[in-house]
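Trainee:
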Amino acid sequence: MNIYENDEALEKDVKQSIDPDMLKKAKRRNLQTFTFGNLAFGFADACIMIVIIPLYMELTGSEFITGILITFFMIMAFLPGPISGKLSDKFGRKTMKMIGHPLHIIGFTLLIFTSENTVFLLILSIIFRGLSASSEPINYQMIVAESTDKSKNGKGFIFGLMAFLYFFGNVWGSIFVNLTNFELRQYIVVFLVISSTVWFINAIFLTETHHAVERKKDVPKIKLRRDIFKNPKIKFAMILLTMDILVWQITGSVYNAGLQSTYEITVDDLAILNLGFSISMIIFQIPAGKLTDKIGIKKSLILSISIGLIIYPLNIIVWIIWSFGNTLVLIPLLFISQLLWGATASTFIPSEASILTSLGDSRKGENFGWVHAVRGFGGIPTGVIGGFLMEYVHFLSPFIITTIGIAVEVWFIVKYGKFFQKSEEIAPVTKKSRTELDYTKKLEVP
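According to the numbering used here, the sequence shown holds residues 3 to 448 in order.
(1) Which of helix, strand or coil does DSSP assign to leucine 112?
(2) Below 7 Å between beta carbons: does that hold for phenylalanine 110 and leucine 194?
(3) Decide if valine 200 is buried, meaning its Cβ has at least 16 other Cβ atoms within 10 Å, or exposed.
(4) Curious, which full-length alpha helix (DSSP H) runs of at least 4 residues does the segment 349-409 contain?
(5) Terminal residues of the continuous alpha helix (DSSP H) containing lysine 235?
(6) For valine 386, I'd like the list of residues in its chain whose CB is within less than 6 Å of its CB, leaving aside the five on either flank, ordered along the chain.
(7) Mind checking which residues open and close the alpha helix (DSSP H) that includes proline 289?
(8) Applying the criterion that 16 or more other CB atoms from any shown protein chain within 10 Å of the CB defines a buried residue, is threonine 329 buried or exposed?
(9) If you run the structure through DSSP and keep just helix, strand and coil, what is asparagine 204?
(10) Answer yes or no: do leucine 272 and isoleucine 52 have a C-beta to C-beta separation smaller than 7 Å?
(11) By a C-beta neighbour count over all protein chains shown, 10 Å radius and 16 as the cutoff for buried, is isoleucine 319 buried or exposed?
(12) Mapping the DSSP letters down to three states, classify glutamate 266 as helix, strand or coil.
(13) Since phenylalanine 34 contacts alanine 355 with CB under 8 Å, what's their CB separation in whole angstroms?
(14) Roughly how many whole angstroms lie between the Cα atoms of glycine 298 and proline 84?
(15) Return yes when the Cβ of glutamine 287 is within less than 7 Å of the Cβ of glycine 162, no when it is not.
(16) What do you get for arginine 377, buried or exposed, if any count of 16 or more other CB atoms within 10 angstroms of its CB means buried?
(17) By Cβ distance, which residues of its chain are closer than 6 Å to leucine 335, with the 5 residues on each side in sequence left out?
(18) Find out if the Cβ-Cβ distance for the pair leucine 167, threonine 37 is shorter than 7 Å.
(19) Residues in its own chain within less than 8 Å of histidine 106 by CB, not counting five upstream and five downstream?
(20) Under 7 Å between the Cβ atoms of alanine 259 and methionine 59?
(21) Which residue marks the beginning of the alpha helix (DSSP H) containing aspartate 86, and which one marks its end?
(22) DSSP three-state label for threonine 199, please.
(23) In whole angstroms, give me the CA-to-CA distance for leucine 41 and valine 191.
(24) Between the C-alpha atoms of tryptophan 174 and glutamine 188, what's the straight-line distance to the nearest angstrom?
(25) Cβ atoms of threonine 359 and serine 306: under 7 Å apart, would you say?
(26) Since glycine 344 and serine 280 are thought to touch, with beta carbons under 8 Å apart, how far apart are those beta carbons, to the nearest angstrom?
(27) Using a Cβ-Cβ cutoff of less than 7 Å, which residues in the same chain neighbour valine 179 once the five nearest sequence positions on both sides are dropped?
(28) Are phenylalanine 66 and glutamate 393 close, meaning C-beta to C-beta below 7 Å?
(29) Measuring alpha carbon to alpha carbon, tell me which residue in Phe45, Ile309, Ile177 is nearest valine 269.
(30) To the nearest angstrom, how far is it from the Cα of phenylalanine 159 to the Cα of glutamine 262?
(31) For glutamate 118, is the classification buried or exposed, using 16 other Cβ atoms within 10 angstroms of its Cβ as the cut-off for buried?
(32) In chain order, what residues of the same chain lie with their CB nearer than 8 Å to the CB of asparagine 204, ignoring the 5 residues before and after it?
(33) State buried or exposed for arginine 30, treating a residue as buried only when at least 16 other CB atoms are found within 10 Å of its CB.
(34) Which whole-angstrom value describes the C-beta separation of threonine 404 and threonine 253, a residue pair presumed to lie in contact below a C-beta threshold of 8 Å?
(35) Between alanine 409 and serine 149, what straight-line distance do the alpha-carbon atoms span, to the nearest angstrom?
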């Protein structure tokens, strides 16, 4: 049975399947390409992360409206996840990455021309950037996972290394912002130049390592959606990651805006704080990846999230000290908070990536997309909630709610974390997935 659309596709797949050396070199080249890409994007994203919220505040003048804009971005970034994952499985990771990245570039280009009189450009910018963000993490993380040689390193270590490279670039980007003092939109231009360069390099050097086997109409269909929501491990991943983004982003979504409006700190101050976060990520990221492979996902998650029980109470203490007029310690204490934030993120990233790229034996991209979308429901309201609490209740109210939420999250992992004892494959081979796997084997080319 010919399961390929044309002879060229069949010849390419067979050639790479029967030549393990060729495939091994392709995977190695993918990781080498991402080595440069992560360094470059780390630098470029520092320019964006530091200025994006100040730019929103400049356009809106309100933490609450800024929160609404962040919520809108969350909707665009998460809800198309299942479609993005399905397209990734069907057309390949590289193809969809090459399509999604230009949407990112278009979105930030529109942002340059946005003003108080052209708010519609801001909305269009968020739509384009959100659609790109709905596919980018799926395709990037799946390429990294599928390019990892598990005989040499676990996925936790590789994802930790990739994050280390990103934040190493991020440090230099933060230093660049501190030294240059450009107008906000000029940093977007810097980002666009670097982002476009990375896109061309990816187009030239990345190789597709995922070759999905298409099933024809005579193959019984697996009710994938029903199985996804019935699978206890995938269900638990959905609950955990949804809870996580809801709890942390209630404060995180409007954190920089709150610092600016409450403490009146500058963009240069934000660059210093971001530098602290990035330095912490560099220090802890690779050891955290190795730790995840060694102790397993459950313990790594507990360690990571428990650090939040220090971060948010520390920010509350900072405000109390500042309110008594001790302004000299403000930036140093916030810097310490960023160091802790880097520590918690560095231990969370390898576990999260290992979970999302190991959801079942087949259709991993689509499974990733469904978890990504469901998780988005936790992130969608956070900007509005955080902005409302910070502007109309009290600056500290999001920090208090997040602290309570983190305690609940830790309890949830301790109680139900048996599903994440190991750092490798997450979803078990159920009767349904075994049936699907058997059909796939029957369709493989001899």
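Beta carbons are placed, not taken as given, at the ideal position from N, Cα and C, and that holds for glycine. Just so it is clear, the structure is predicted and the values come from calculations on it, not from any experiment.
Mentor: The relevant details are as follows:
(1) Counting from one through the sequence shown, the residue named residue 112 turns up at place 110. The answer is helix: DSSP assigns leucine 112 an H, G or I state.
(2) By one-based count along the sequence shown, residue 110 stands at place 108. By one-based count along the sequence shown, residue 194 stands at place 192. Yes; because the gap between Cβ atoms is below 7 Å, this pair is in contact.
(3) Indexing the sequence shown from 1 puts residue 200 at position 198. With 16 or more Cβ atoms within 10 Å of its Cβ, valine 200 is classed as buried.
(4) Runs found: 366-381, 384-390.
(5) Within the sequence shown, the letter at position 233 stands for residue 235. Residues 234-254.
(6) By one-based count along the sequence shown, residue 386 stands at place 384. Hits under 6 Å: Gly69, Ile70, Thr73.
(7) Numbered from its first residue, the sequence shown carries residue 289 at position 287. Going by DSSP, proline 289 is part of the alpha helix (DSSP H) stretching over 269-297.
(8) Position 327 of the sequence shown, counted from the start, is the residue given in the question as residue 329. Exposed, because fewer than 16 other Cβ atoms sit within 10 Å of the Cβ of threonine 329.
(9) Within the sequence shown, numbered from 1, the residue matching residue 204 stands at position 202. DSSP places asparagine 204 in helix when its eight states are reduced to three.
(10) Sequence index remark: in the sequence shown, residue 272 carries index 270 (1-based). Sequence index remark: in the sequence shown, residue 52 carries index 50 (1-based). With contacts defined by Cβ atoms closer than 7 Å, leucine 272 and isoleucine 52 form a contacting pair.
(11) For this step, residue 319 is matched to residue 317 along the sequence shown. Exposed, by the Cβ-count rule.
(12) As a working note, residue 266 is residue 264 in the sequence shown. In the structure shown, glutamate 266 sits in coil (DSSP, three-state: anything other than H, G, I, E or B).
(13) In the sequence shown, residue 34 corresponds to position 32, counting from 1. In the sequence shown, residue 355 corresponds to position 353, counting from 1. It is glutamine, not phenylalanine, that sits at residue 34 in the sequence shown. Wrong, their Cβ atoms sit about 19 Å apart, outside the cutoff.
(14) Position 296 of the sequence shown, counted from the start, is the residue given in the question as residue 298. Position 82 of the sequence shown, counted from the start, is the residue given in the question as residue 84. The alpha-carbon atoms of glycine 298 and proline 84 are separated by roughly 27 Å.
(15) Along the sequence shown, one-based indexing puts residue 162 at 160. Along the sequence shown, one-based indexing puts residue 287 at 285. In contact: glycine 162 and glutamine 287 (Cβ atoms closer than 7 Å).
(16) For this step, residue 377 is matched to residue 375 along the sequence shown. By the neighbour-count rule (16 or more Cβ atoms within 10 Å), arginine 377 is buried.
(17) Translated into the one-based positions of the sequence shown, residue 335 becomes position 333. Counting only residues of its own chain and dropping the five nearest sequence neighbours on each side, leucine 335 has a CB closer than 6 Å to the CB of Val320.
(18) Your numbering for residue 167 matches position 165 in the sequence shown. Your numbering for residue 37 matches position 35 in the sequence shown. Yes; because the gap between Cβ atoms is below 7 Å, this pair is in contact.
(19) Taking the sequence shown and counting its residues from 1, the one referred to as residue 106 is at position 104. The residues are Phe130, Arg131, Ser134, Ala135, Glu138, Ser197.
(20) Residue mapping note: residue 259 aligns to position 257 of the sequence shown, counting from 1. Residue mapping note: residue 59 aligns to position 57 of the sequence shown, counting from 1. With respect to methionine 59, alanine 259 sits close: the two C-beta atoms are nearer than 7 Å.
(21) By 1-based counting over the sequence shown, the position of residue 86 is 84. Going by the sequence as given, residue 86 is serine instead of aspartate. Counting along the chain, the alpha helix (DSSP H) containing serine 86 begins and ends at 83-93.
(22) Numbered from its first residue, the sequence shown carries residue 199 at position 197. Secondary structure at threonine 199: helix, using DSSP grouped into helix, strand and coil.
(23) Translated into positions along the sequence shown, residue 41 becomes position 39. Translated into positions along the sequence shown, residue 191 becomes position 189. Rounded to whole angstroms, the separation of the alpha carbons of valine 191 and leucine 41 is 18 Å.
(24) Here residue 174 refers to the residue found at position 172 of the sequence shown. Here residue 188 refers to the residue found at position 186 of the sequence shown. Answer to the nearest angstrom: the Cα atoms are 17 Å apart.
(25) For the purposes of this step, residue 306 is taken as the residue at position 304 of the sequence shown. For the purposes of this step, residue 359 is taken as the residue at position 357 of the sequence shown. Not in contact: serine 306 and threonine 359 (Cβ atoms no closer than 7 Å).
(26) As a working mapping, residue 344 is identified with position 342 in the sequence shown. As a working mapping, residue 280 is identified with position 278 in the sequence shown. Contact between glycine 344 and serine 280 holds: their C-beta atoms lie close to 7 Å from each other, under 8 Å.
(27) Here residue 179 refers to the residue found at position 177 when the sequence shown is read from its first residue. Once the five neighbours on either side are set aside, the close Cβ partners of valine 179 are Ala48, Cys49, Ile52, Tyr189, Ala273.
(28) As a position in the sequence shown, residue 66 is number 64, starting the count at 1. As a position in the sequence shown, residue 393 is number 391, starting the count at 1. Less than 7 Å separates the beta-carbon of phenylalanine 66 from that of glutamate 393.
(29) Numbered from 1 along the sequence shown, position 267 holds the residue referred to as residue 269. Among Phe45, Ile309, Ile177, the Cα nearest to that of valine 269 belongs to Ile177.
(30) Start at 1 with the first residue of the sequence shown, and residue 159 comes out as number 157. Start at 1 with the first residue of the sequence shown, and residue 262 comes out as number 260. Spanning the two alpha carbons is a distance of roughly 36 Å.
(31) Numbered from 1 along the sequence shown, position 116 holds the residue referred to as residue 118. Label assigned to glutamate 118: exposed.
(32) One-based indexing of the sequence shown puts residue 204 at position 202. Once the five neighbours on either side are set aside, the close Cβ partners of asparagine 204 are Thr35, Gly39, Lys96, Lys99, Met100, His103.
(33) Sequence index remark: in the sequence shown, residue 30 carries index 28 (1-based). Exposed.
(34) Residue numbering aside, residue 404 sits at position 402 when the sequence shown is read from its first letter. Residue numbering aside, residue 253 sits at position 251 when the sequence shown is read from its first letter. Contact flag correct, Cβ pair sits at about 5 Å.
(35) The sequence position of residue 409 within the sequence shown is 407, counting from 1. The sequence position of residue 149 within the sequence shown is 147, counting from 1. Those two C-alpha atoms are separated by around 36 Å.
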